[in-house]
Every structure is written in C-alpha cells, then in structure tokens.
Amino acid sequence: MSRLNLTSLRKMKAEQNKIAVLTAYDASFSHVLEQAGVDVILVGDSLGMVIQGKESTLPVTVEDMIYHTSNVVRGSDKVFVIADLPFMSYANTDQAIQNAARLMAQGGAQMVKLEGGQVVVDTVKQLVERGIPVCAHLGLLPQSVHRLGGYRVQGRDDQQAQQLITDAQALQAAGADMLVLECVPAELGSRVTAAVEIPVIGIGAGVECDGQVLVLYDMLGLTPGRRPRFSHDFLADTGAIPAAIAKYVSEVKSATFPSQAQQY
Ligand code: KIV
Numbered sequence: 286m287s288r289l290n291l292t293s294l295r296k297m298k299a300e301q302n303k304i305a306v307l308t309a310y311d312a313s314f315s316h317v318l319e320q321a322g323v324d325v326i327l328v329g330d331s332l333g334m335v336i337q338g339k340e341s342t343l344p345v346t347v348e349d350m351i352y353h354t355s356n357v358v359r360g361s362d363k364v365f366v367i368a369d370l371p372f373m374s375y376a377n378t379d380q381a382i383q384n385a386a387r388l389m390a391q392g393g394a395q396m397v398k399l400e401g402g403q404v405v406v407d408t409v410k411q412l413v414e415r416g417i418p419v420c421a422h423l424g425l426l427p428q429s430v431h432r433l434g435g436y437r438v439q440g441r442d443d444q445q446a447q448q449l450i451t452d453a454q455a456l457q458a459a460g461a462d463m464l465v466l467e468c469v470p471a472e473l474g475s476r477v478t479a480a481v482e483i484p485v486i487g488i489g490a491g492v493e494c495d496g497q498v499l500v501l502y503d504m505l506g507l508t509p510g511r512r513p514r515f516s517h518d519f520l521a522d523t524g525a526i527p528a529a530i531a532k533y534v535s536e537v538k539s540a541t542f543p544s545q546a547q548q549y
C-alpha cells in the first residue's frame, strides 16, 4: 500500500476536500489514526510537552524527532508523515539540510516542517532544491514562545496580517508545499488560504483553512491544564479513542470543526 502524497494533497485543496491532520508520536496511535481516516500525521515537536513533560518545545532534539518519526512510520502505511525540525536545528542552511535529510532517511518522514516567515525563505529554497519537501509554520510559532511573550493570537493588526500573507506567498514561491497556520483570527486564516495554492492546515486559524490539525493529547482531553480555545475534547463526546478520532475526521471533512466558538 503506498502512502498519500503531495499530488493527492494538492488535489484535495483544489477540489475543496478538507485535509484531516493530527499529531502522533508512536506506532500504536499512528495505526489508530490511520484506521480512523486521518490523512496526515504530524510528528510535532509538541512531543517535548505532551510526551516528555517539558515546559516548551525548545529542548527537543533531532534524535528525539528521528526516534518518534520512525515509530510513527512503522505503525502506518497510508498516511502522509511530516516531521518537525526542532528548535535551532535549522539555524543555518547546512544544518537544515543535514537535519532534514536525517529526518527523512533515518526517520522515514515524507516532509519536514520548520517555523518562520521571511527569515527561513532561503532555507526552504535550499531544502526544496535538494528534493526535501517542506511545510512552513506561520502565525504563533511555539519555538519563539519567549520572544512572543507567551502563546498568544497572532496577526490581529493590519500590518501583521499583511506581513503574514506576504510571508505565505514568499514561502510558496521558495517551494514550500504546505503551510501550518497557528492561532490567527479566522478571517486572516481565510485570506491566507485564498492567497496561496498550497494546502493551508489551520490550528486555531478558522474553518476556511484547507485542513485542520490538533495535538492528539489535547483532542483526547489528556493534556493537563486549560485546553486551548481552538481545541475540543472528542474523547469526552464518544468514550472511546478510535471513535473520538473518527469524529474529529468527520467534523474536519464536513467543516463543522472548528465551530464559531473554537475560532478567534
Ligand atoms: O508541534 C506540533 O505539534 C505542531 C502543531 C501545534 C501544529 O507544530
């Protein structure tokens, strides 16, 4: 069985079929997610918080990412797998190429994700020219949490919003094949989605994005503390993990998730 690929994901955007994405970090959940109809698994550096219990994603290493990505790849055979380049693993182009190559060759990822706008455009170009598919992450950038002063909604003023659209277009021009857009007003999520041809996957970016992603442990209600407004406890609705994932997939596909209450 071959895995979903970028051509199919682009077609899903063109045909307005929503893309259901969740994070996962191990083989068992990878299997459950695939069986429930998830299209894409993101091996996020959120594992630093939800698996390792750290305060942020900053301590996650390339070795951690390779280990968890290889587990996810072993547990599935149809989903498209994206792996995060962790904090400072792409601080310069040579580092980015070496670490992305390891995530693909040793981890088995089909695409790598990195955070940032204009500042990573050249890195994206260099990776893509070497055959490495890239997903760029805009909006709230968890690896910059200390500079941003916390996990806050981004792009609220006109200048920030316009910059975000310009960044999305520059990343697409550099060869990025996907965007993750985190924690921005729904109206801006809609504008970014319309401004690029590549799929835009939202997390707290409104229902108009081409797809949605959530951190698995958040949407199962397992993460301690206050759940972000854009998430929802699907396990509380259904009482069983496979049913919770299937409900998420169904609500993403029918554009009933996120609801008004789950967007900014
Ligand atoms: O690390 C992660 O899980 C992510 C999502 C929040 C999109 O980047």
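Numbering (my numbering), first residue to last: 286 to 549. C-beta atoms are modelled at their ideal positions from N, C-alpha and C, and glycine is treated no differently.
| Item | Value |
| --- | --- |
| beta-carbon I450 near ligand 2 non-hydrogen atom, thresh 8 Å | Here the bound small molecules are ligand 1; ligand 2 is not part of this structure. |
| Burial state of M373, where buried means 16 or more other Cβ atoms lie within 10 Å | exposed |
| Whole-angstrom C-beta distance between Y310 and V323, which should lie under 8 Å | Their Cβ separation, rounded to whole angstroms, is 14 Å, which puts V323 and Y310 out of contact at 8 Å. |
| Proximity winner among E300, H431, A368, relative to L307 (alpha-carbon distances) | A368 |
| heavy atom of ligand 1 below 8 Å from E340 C-beta | no |
| Where D369 falls: helix, strand or coil (DSSP) | strand |
| Any heavy atom of ligand 1 nearer than 7 Å to the CB - residues listed | T308, L327, G329, D330, S331, T342, D369, K398, H422, P427, V465, E467, I488, V498, V500 |
| Length at least 4, wholly inside the stretch 301-358: the alpha helix (DSSP H) runs in chain order | 312-320, 332-335 |
| Extent of the continuous beta strand (DSSP E) to which A421 belongs | 419-424 |
| Simplified DSSP state of I526, which is helix, strand or coil | helix |
| is_contact[G491, chain C] using C-beta, thresh 9 Å | In summary, chain C is missing from the structure at hand, where a single protein chain is found. |
| Continuous beta strand (DSSP E) stretch holding G289: start and end | Note on identity: in this sequence residue 289 is Leu, with Gly being the wrong assignment. Careful: L289 lies outside any beta strand (DSSP E) and carries neither H nor E. |
| Assigned secondary structure, I450 (DSSP; H/G/I helix, E/B strand, else coil) | helix |
| C-alpha distance - A525 paired with L501, whole-angstrom precision | 14 Å |
| Outcome for P470 when other beta-carbon atoms lying within 10 angstroms are tallied against a minimum of 16 | buried |
| Under the three-state DSSP convention, the category Q497 falls into | strand |
| Of the listed residues L388, T478, G496, nearest to Y533 (C-alpha basis) | G496 |
| Which of helix, strand or coil DSSP assigns to E482 | coil |
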